[in-house]
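Protein chains in written order, with my numbering: chain A, 2 to 218; chain B, 4 to 195.
The beta-carbon is built from N, C-alpha and C at its ideal position, and this holds for glycine as well.
Let me begin by presenting the structure, written as structure tokens, before commenting on it.
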Amino acid sequence: MHAVIINGSPRVSKHSNTERIIDSFAEGLALSGASYERYAISDKDNWDSAREAYIKNTEIIIALPLYVECVPGILLEFLETLPVKDETTRISFILQGGFAEAKQLECGKAFLDKLPGYLGVSYGGTLIKGDNFGIRVLKESEVQKIITPYRNMGKAFVDEDGFKPETVKKFAGPEIFSLPIRLMLQLMFMTLARKNYRDIAKGWGCKVPIDYRPWSA
Amino acid sequence: MVLLIDTTEEKKGKDIAFLLGKYGNRTVILDIPKEGNRLVDSFEMKYSEDVVEYVDTEHMNISHCFGCNFCWLKTPGKCVINDDYEPLLKRISRADQVWLVSDTRFGFVSYKTKNIMDRLMPIVTMNLHYVGDQMRHIARYDHNPDWGLIYTGEGDKDNLSLWCERVAVNFSTKSLGVFEFDKCGEAIGCMQ
């Protein structure tokens, strides 16, 4: 298998959570004997080469973050530039998000399930996983805990010939959390998480509270 | 205040705005001249409650979101992209209803509409809480507009409705529904 992997995130690759996920996923592809080439659309200067790779190859994987419940606007714009191909090309997706529950990704996945039909190509499934916001801000040891499981998904993609529903479901985790866990998380959101966000903001040079209102609504 | 944001190629939203004017609403067409950027100052009109405002985005310079998270963690509530979006965001956050008038691609809204929605992040904060059984960002402001969508072309109405409902929950408000342009009489009836 030779896969074209396109990072559909608008964030520059250096700070892209999706890029780190692709790093790990691509390692898994290689462990199962696949080769790959990578592109990122955050820089529009790369669009021609990414499109060319899409046209010339038949195994396409687009990795993307969930933005406002669906595909980022920049990826929609890029998709509009792709020609219609036939079903000898297969497209698959890795959809990642910040919120932890798998249910948060359902709307984005519903769109991606139908997208191959509009592009005229066949569909290899969509891997979904939340709780990835920390990749950019956590210590590297913690980041590794988040991204390492994607290596197994890279292996599985080759070994199982695409993202199979049962593998996707297991990897995605719970649709929603149980009430005791939600209560525990709510308490954490009101205490530790707020402190952590304040600390990150301070480290980024923020001069005002993170719930600051620049104008009255 | 009702805000109509029109990203369609054929400016379909303008038909709705004129119709609303005929029904006796005070309708303000915020035309954006081709020169674009420098228009933002005149765009800062006096806010009025009993008005329908129509914005044609054709000549507005509105970038996609870069995903920098600065609007949450470095300059809270402010997007650092220097384009025509901030005046529009202010009007969105003050509106009672926002109606997106959008063309569709791949059954979904066009990238122009999605870019406008992706740039809404400054009106929520980084802080989280639970709403029902799912985590959400806490709204930055007490007032948030309800959302509706009027679309042209072959939209996937089920997906668009799901999207609109989830967007509304995420922004602590409610969905006004999703309507095909040719059957949007009911939507116009909701605009008040």
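| Check | Outcome |
| --- | --- |
| DSSP on B:Glu-183, reduced to helix/strand/coil? | strand |
| Would the beta-carbon of A:Asp-212 fall within 7 Å of that of B:Thr-107? | no |
| Which same chain residues, not among the five before or five after A:Ile-136, have their C-beta less than 7 Å away from its C-beta? | Asn-18, Arg-21, Val-144, Ile-147, Ile-148 |
| Can you pull the DSSP bridge partners for B:Met-138? | B:Tyr-133 |
| What is the DSSP secondary structure of B:Lys-17, counted as helix, strand or coil? | helix |
| With DSSP as the reference, please indicate the residues paired to A:Ser-93 in a beta bridge. | A:Ile-62 |
| So, using beta-carbon positions, are A:Ile-23 and A:Phe-79 closer together than 7 Å? | no |
| To the nearest angstrom, how far is it from the Cα of B:Lys-15 to the Cα of A:Ile-6? | 38 Å |
| Taking B:Val-54 as the reference, which of B:Asp-136, B:Tyr-26, B:Lys-177 has the closest Cα? | B:Tyr-26 |
| I'd like to know whether the C-beta of A:Phe-100 is nearer than 7 Å to at least one C-beta of chain D. | No chain D appears in the structure shown, which is made up of the protein chains A and B. |
| How long is the line joining the alpha carbons of A:Tyr-37 and A:Gly-155, rounded to whole angstroms? | 11 Å |
| Does the distance from the C-beta atom of A:Leu-83 to that of A:Leu-76 stay below 7 Å? | no |
| Let me confirm a value: B:Glu-12 is counted as buried when at least 16 other C-beta atoms fall within 10 Å, else exposed. Which label applies? | exposed |
| Going along the stretch 196-215 of chain A in order, which residues come within less than 8 Å of chain B, judged by CB to CB distance? | Tyr-198, Ile-201, Ala-202, Trp-205, Gly-206, Cys-207, Val-209, Pro-210, Ile-211, Asp-212, Tyr-213, Arg-214, Pro-215 |
| Who are B:Trp-102's beta bridge partners in DSSP? | B:Leu-7, B:Gly-151 |
| So B:Leu-123 and B:Phe-174 are supposed to be a Cβ contact under 8 Å. How far apart are they, rounded? | 7 Å |
| Determine which residues of the stretch 149-160 of chain B have a Cβ less than 7 Å from any Cβ of chain A, and write them out in chain order. | Asp-159 |
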